[in-house]
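Participant:
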Amino acid sequence: MVAEWSGFFVAAAGACAALGGLIIVAASVSVTEMIAIPGMASRAGVAIALLVASTIIALAALMPALSPAGFGWVVLAAGGIALALAVESLLRLVRTRQPDAREHRGLGESIVKGSFGVLPSAAICAGGVLLLLGDAAGTYWIASGILLSIFSAVVSAWVVLVEIRR
1 MVAEWSGFFV AAAGACAALG GLIIVAASVS VTEMIAIPGM ASRAGVAIAL
51 LVASTIIALA ALMPALSPAG FGWVVLAAGG IALALAVESL LRLVRTRQPD
101 AREHRGLGES IVKGSFGVLP SAAICAGGVL LLLGDAAGTY WIASGILLSI
151 FSAVVSAWVV LVEIRR
């Protein structure tokens, strides 16, 4: 990929891989509590998917001689899988709202929580499409999607580690 981006993608690959591993450990420690809360396992899964997709994308960006179109296809494939999982999780959050629960989650809250996975993956996919169309601005969309993925995953990790124990 472009030499100016190599530092960003090296850092992103390392950070996303490390965060992904930490979230897997956090989820495994809290698996019983996590499974008992509707939608929680899918949110953790989306966080992991975002970080794995970001790691794959960052590593692909560092591949020598990979064309922008080739990189665009890798981005679109990884981002598309993450987006599909995020949309499925969002729909699950909306469907599993429990009006009788002590801490009832409204429709708006469910959509906001589900959007934490949709927005980063949508930005990544947009970047992939732009690269396929020959627009170098796609790299900025991809970088933004990776940064949003990190933010989303850290928030999800906090929920899995702390919020479910309240």
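Each residue of the sequence shown is one higher than the last, beginning at 1 in UniProt numbering. A virtual CB, placed ideally from N, CA and C, is assigned to each residue, including glycine.
#1: I need the DSSP call for residue 2, collapsed to helix, strand or coil.
#2: DSSP three-state call for residue 14: helix, strand or coil?
#3: Should residue 122 go down as buried or exposed, given a rule of 16 or more other Cβ atoms within 10 Å for buried?
#4: Please look up how many angstroms separate the CB atoms of residue 89 and residue 149, rounded, as I've assumed it's under 8 Å.
#5: Measuring straight from C-alpha to C-alpha, what distance separates residue 107 and residue 118?
#6: Can you list, in chain order, the residues of its chain whose CB lies under 8 Å from that of residue 56, leaving out five sequence neighbours each side?
#7: Please classify residue 43 as buried or exposed, where buried requires at least 16 other C-beta atoms within 10 Å of its C-beta.
#8: Can you tell me whether residue 6 is buried or exposed? The criterion is at least 16 other CB atoms within 10 Å of its CB, across all chains shown.
#9: Can you have a look at residue 124 and say buried or exposed, based on whether 16 or more other CB atoms are within 10 angstroms of its CB?
Facilitator: Let me lay it out:
#1: In this structure, DSSP gives residue 2 a state outside helix and strand, which the three-state scheme calls coil.
#2: In the three-state reduction of the DSSP assignment, residue 14 falls in the helix class.
#3: Residue 122 should be labelled buried.
#4: 14 Å between Cβ atoms; not a contact.
#5: For residue 107 and residue 118, the gap between their C-alpha atoms comes out near 16 Å.
#6: Once the five neighbours on either side are set aside, the close Cβ partners of residue 56 are 74 and 78.
#7: So residue 43 ends up on the buried side.
#8: Flag for residue 6 reads exposed.
#9: Under this definition residue 124 is a buried residue.
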